[in-house]
Every structure is written in C-alpha cells, then in structure tokens.
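Residue numbers (UniProt numbering): 1 to 227.
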Amino acid sequence: MEFRVAIRATFLVLLSFMIAGCEQSDTDGVPVITPPEPELLTSTDDMQTGAADFDRSTHPGKGLYEESCSGCHDGTVSRAPHFSWLEMMNASVVYQAMNEGVMSVQAEALTDEDKILITEYLTRTKLAGGAALKVIEPPMCTDGDFDLSSPAPAVNWGHDTNRYSPSTVAGLTVPEIPNLELKWAFAFPDAFRARSQPTIAMGTVFVGSQEGRVYALDLETGCARWT
C-alpha cells in the first residue's frame, strides 16, 4: 500500500514538473500568438448593381416594396430571394420578374409605374425612360450556320449526376488536368444563372437562361448563333 502511494506521489510530482516545463516553454520560448478575430461583412455595397444617386430611405419604391414584397423577401419564405439578393440583381431582371416572369401573379395589383419604382429602389438604379430595362444582346457569330457534319457527343453533358466521361472520350489523363485552361466563358445577359442543363449538338451548345431566353452558342468560340 505504501509502495503504491509512493509511486502515485512520484507520478504527481513528475506531472507537475512537466506542466510547469510546458508553461515555461510557452512563455520563455516561442511567443503565444493569438489569432485576430475574423472580420465580418458589414456591407454589400460593393456588390450592388446601381450607384443609388438618390436617397433610398425616401424613395417611393421603399413603401411599395414594404407593402407588396417584404412579406416574402425579407426572410419569411425560404424559396423567395432575400432582399440582399434582390439588391444584386440587374434592374431588367427584377422588372421582368414582376411584369411577365415568376412574380407576375403576385404583382398583378401593381401598376407599371409601381414596378419601376420598386425596381429602382431594389437595384439602386434610376430608370430614366426605361433605358436600363433594355435587353443586352450577346456577341453574335459572324457565321450562324450549324455544323451538320459534327458527330454527336459520346456523353453530351453526362448521363447521370456524376457527369462522368471516360478518359478515352475526354482525351485527357489525370496528370494533364492541372494544365487545363478556360477556353471561353459566357455571361448570360440580365441573369446570373442558367435555366437548365445544356444540350450539345451540331457544334452548338443549346442552353436556356434564367430570364427566359434560349441561346445557341458556338461550341468552339462561345459566340451566339441565335437567341
């Protein structure tokens, strides 16, 4: 019994020395660095589509939004884009959604002037004469003919959710993947996402946009054959 007590006492003494040594090392050796507190985003002003050359707090669109839109878009309905997302949308997208898009039923009681005022308030864009509501056209191909001799893609966009393409079809090996470069990119006018998966045929990418248009894009250059 005395032997066990002696061992336990010796162990506790050694443990206290080890802890003291660690504390001494932390204070006299490498200094303890306290990481700074992460900075939180306090404003989305840099992400806004408009410069707001008017006072939003007194803009007539503010009252219209609060009366007709805030009930869903201030976070009450999970599927409805939040106010902060609406601020980042293009003016024509917001207006079209109320005029003939997904919000047309909810906006039936609004006049066209009401819709414009709400659009101005949300996007911080003054719609003088409807100039900001004009549709932006994509770069068009000089040759709009389809390549009817182009073979059908072996896997197209993918037959399943894995989008798997075998190396024999992709023409790539694993070591070559880091060397890939972007061939071309297409910015959907007046939208920030595509409507559905693209379909590839005749050397062309067929894809629908969020704002309702279908595009036929040249597979090699990305120019539009038609919209």
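Think of the CB as a built atom: it goes at the ideal place given N, C-alpha and C, for glycine as much as any other residue.
{"Check": "6 angstroms CB neighbourhood of Asp114 in its chain, flanking five on each side removed", "Outcome": "Leu64"}
{"Check": "Reduced DSSP category for residue 261 - H, G, I as helix; E, B as strand; rest coil", "Outcome": "What the structure shows of the chain is the stretch from 1 to 227, and residue 261 is not part of that stretch, so it cannot be assessed."}
{"Check": "Leu180 to Ala154 span [Cα, whole Å]", "Outcome": "21 angstroms"}
{"Check": "Neighbour-count burial assignment, Gln96, 16 or more Cβ in a 10 Å radius", "Outcome": "buried"}
{"Check": "Boundaries (first-last residue) of the alpha helix (DSSP H) holding Thr168", "Outcome": "Ser167 to Ala170"}
{"Check": "For residue 255, three-class secondary structure by DSSP", "Outcome": "The question about residue 255 has no answer, for the chain in this structure spans 1 to 227."}
{"Check": "Entirely enclosed alpha helix (DSSP H) segments - the segment 70-137, minimum 4 residues", "Outcome": "70-73, 83-86, 91-99 and 112-123"}
{"Check": "Cβ separation of Ser209 and Ala187, assumed to be a contact under 8 angstroms, to the nearest whole Å", "Outcome": "About 10 angstroms; that fails the 8 angstroms criterion."}
{"Check": "beta-carbon Thr227 near the ligand COA non-hydrogen atom, thresh 7 angstroms", "Outcome": "Here there are no bound small molecules, and the ligand COA is not part of this structure."}
{"Check": "Collapsed DSSP secondary structure at Arg225 in the structure displayed", "Outcome": "strand"}
{"Check": "Whole-Å CB distance - Glu67 paired with Thr123, under 8 angstroms assumed", "Outcome": "Not really, about 18 angstroms apart at Cβ, beyond 8 angstroms."}
{"Check": "Cα-Cα separation, Thr161 to Gln197", "Outcome": "11 angstroms"}
{"Check": "Counted within 10 angstroms of its Cβ, other Cβ atoms place Glu120 as buried (16 or more) or exposed", "Outcome": "buried"}
{"Check": "Gly61, buried or exposed, once every other Cβ within 10 Å from all chains shown has been counted against 16", "Outcome": "buried"}
{"Check": "Sequence-distant residues of its chain with Cβ nearer than 6 angstroms to Thr199 (five each side left out)", "Outcome": "Phe206"}
{"Check": "Beta-carbon contacts of Ser25 that lie in its chain and below 7 angstroms, excluding the five residues immediately before and after", "Outcome": "Caution applies to Ser25, whose pLDDT of 44 falls short of 50 and renders its modelled position unreliable; the model cannot decide the point."}
{"Check": "Range of the contiguous beta strand (DSSP E) that encloses Thr199", "Outcome": "Thr199 to Ala201"}
{"Check": "Limits of the alpha helix (DSSP H) - the one that Glu67 falls within", "Outcome": "Pro60 to Ser68"}
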